Structures are given as C-alpha cells and as structure tokens.
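Protein chains in written order, with the working numbering: chain Y, 1 to 159; chain V, 1 to 78.
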C-alpha cells in the first residue's frame with residue numbers, strides 16, 4: 001500500500017496480443033480516471049504496444065524479429081488470428097460496436113498521465129532502441145524499478 | 001439540494017472505459033461544489049459511474065434511466 005492517500009496501480013504488459021493489451025489499457029485508463037497513479041511496464045512481446053512503425057534489429061536474428069514485429073495497430077488477437085483474418089474481424093466487430101480502438105486507448109493513457117516504462121533487457125535482447133519506441137515512453141528501466149512500483153501499488157496486474 | 005448543472009458531458013454512444021474516463025476529464029474542468037451532468041447509453045455505466053464516484057469521493061446526487069439514456073448528476077467534492 002502506498003503511504004499517502006493516492007492509490008497506485010502498476011501493470012506489467014508481457015503479452016504482444018491485441019486483445020490482452022486492450023484489456024491492460026482499459027484497466028489502466030480506468031484506474032487513472034479513478035485518481036490512481038498508474039504505471040505500465042512493457043516487457044518482451046509487450047514492447048510491440050509501444051513501438052513505432054519502424055524496422056528494428058541490427059544482427060540477423062534481430063532483423064528477422066524486427067521483420068515480424070508490428071506496431072500497436074498491426075498486432076493480432078491471442079486466439080483465432082488465422083494469419084491476420086482474426087485481427088481484421090475483431091477490429092471490424094469492435095468498430096461496429098463503437099469500441100475505442102487500441103491506438104486511441106494508448107493515446108488516452110498518455111493524456112491521463114500514465115507512466116509508460118520500457119524494459120531495458122528486453123530491448124537489448126530484441127535489438128530495439130529507445131528511438132524505436134514512441135516518444136512518450138519514460139527511459140528504459142529494469143526489474144527493480146518495476147518491483148519498487150509494485151511494492152507501493154494497491155493493484156498489480158500481469159498481462 | 002440545489003441542483004444547478006454547471007456542465008453536461010454527452011457520453012452517449014461511448015463504450016467502456018470511455019464514459020468513466022470522460023467523466024474524470026470533465027469533472028476536472030469544473031469547480032468544487034459544481035455539478036456535472038453525464039448522459040450515457042452504455043448500460044454498464046450505471047454500475048461504473050457509481051463505482052467511479054465511490055472511488056474518487058465525488059458525490060453521485062442522482063441517476064435516472066430515461067429513454068435508453070442514463071442520466072447522472074455528480075457534485076465535484078475535491
């Protein structure tokens with residue numbers, strides 16, 4: 001629990017799936033709207049949610065990974081993606097229901113002052129540079145920064 | 001209680017989490033003790049606006065269900 005009156009919410013986004021990241025941003029924006037100090041730590045596949053639409057990677061494997069990586073608008077759902085058809089279907093179904101899109105949710109998170117933290121180690125492994133990530137990101141951090149955030153948090157989630 | 005609405009937020013057509021997020025942004029634009037009116041069509045907003053008020057400490061003066069529209073009056077407390 002935090003010491004002062006302000007409650008805190010700390011979320012880890014590990015998944016690179018459209019549906020899971022959507023859940024994370026919905027909870028995060030709601031927590032921020034409920035006056036919670038909110039942070040999201042993006043690690044491993046989750047970095048796709050905060051990547052610019054640029055090619056990443058330096059070596060062979062890094063570039064291969066960069067070739068397969070999308071940005072927030074091109075990632076697919078965790079189930080029934082069927083090589084992109086599922087992504088198209090879900091986006092259409094959500095649009096028909098006027099559900100807020102994933103890019104809009106991320107922008108809302110930024111507007112609400114949610115702290116977005118990228119994982120340094122994942123960036124090293126995947127050969128993603130800080131410049132490859134959206135400008136609103138904080139500086140890259142490690143697990144200890146997250147653990148400190150989580151220690152002080154009233155809500156912690158791992159997505 | 002005097003219930004002069006200072007501002008109306010039209011959240012009709014918006015789905016979760018937007019009615020709550022927009023309510024938060026709207027309440028920040030009015031002064032303490034002023035009243036925000038929120039119009040929403042999302043049935044989940046009945047529970048969600050109530051929960052939002054409970055969490056943020058703002059006062060839900062009333063909520064009513066009209067013709068497919070939910071109407072809330074919220075007094076900014078802090």
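Where a beta carbon is used, it is the ideal one built from N, C-alpha and C, also for glycine.
What you are looking at is a predicted structure, and each value in this text was computed from that prediction instead of being measured.
{"query": "Quick one: which unbroken alpha helix (DSSP H) runs of 4-plus residues sit fully inside the segment 38-76 of chain Y? Chain order, please.", "result": "60-68"}
{"query": "Please report the straight-line C-alpha distance between residue 8 of chain V and residue 48 of chain V, rounded to a whole angstrom.", "result": "18 Å"}
{"query": "Since I believe residue 32 of chain Y is in contact with residue 114 of chain Y (beta carbons under 8 Å), could you give me their beta-carbon distance rounded to a whole number of angstroms?", "result": "5 Å"}
{"query": "Closer than 8 Å, CB to CB, is residue 107 of chain Y near chain V or not?", "result": "no"}
{"query": "Given a limit of 7 Å on CB to CB distance, which residues of the segment 16-47 of chain Y reach chain V?", "result": "26, 29, 30, 33, 34 and 35"}
{"query": "For chain Y, find out if any of its Cβ atoms is closer than 8 Å to the Cβ of residue 13 of chain V; answer yes or no.", "result": "yes"}
{"query": "Taking only heavy atoms of the ligand GTP into account, decide whether any of them is closer than 7 Å to the Cβ of residue 39 of chain Y.", "result": "With respect to small molecules bound, the structure shown includes none, and the ligand GTP cannot be examined in it."}
{"query": "So which residues of chain V does residue 152 of chain Y contact, with C-beta pairs closer than 8 Å?", "result": "Those do not exist, as residue 152 of chain Y stays about 18 Å from chain V at its closest Cβ, beyond 8 Å."}
{"query": "Where residue 106 of chain Y and residue 67 of chain Y are concerned, what is the direct C-alpha to C-alpha distance, given to the nearest angstrom?", "result": "23 Å"}
{"query": "Establish whether the CB of residue 55 of chain V and some CB of chain Y are separated by less than 8 Å.", "result": "yes"}
{"query": "Can you pull the chain Y neighbours of residue 24 of chain V, defined as C-beta to C-beta under 7 Å?", "result": "33"}
{"query": "Between residue 140 of chain Y and residue 119 of chain Y, what straight-line distance do the alpha-carbon atoms span, to the nearest angstrom?", "result": "6 Å"}
{"query": "Taking residue 69 of chain V as the query, report the chain Y residues whose CB atoms sit under 7 Å from its CB, ordered along the chain.", "result": "Per Cβ cutoff of 7 Å: no residues; residue 69 of chain V is ~15 Å from chain Y at best."}
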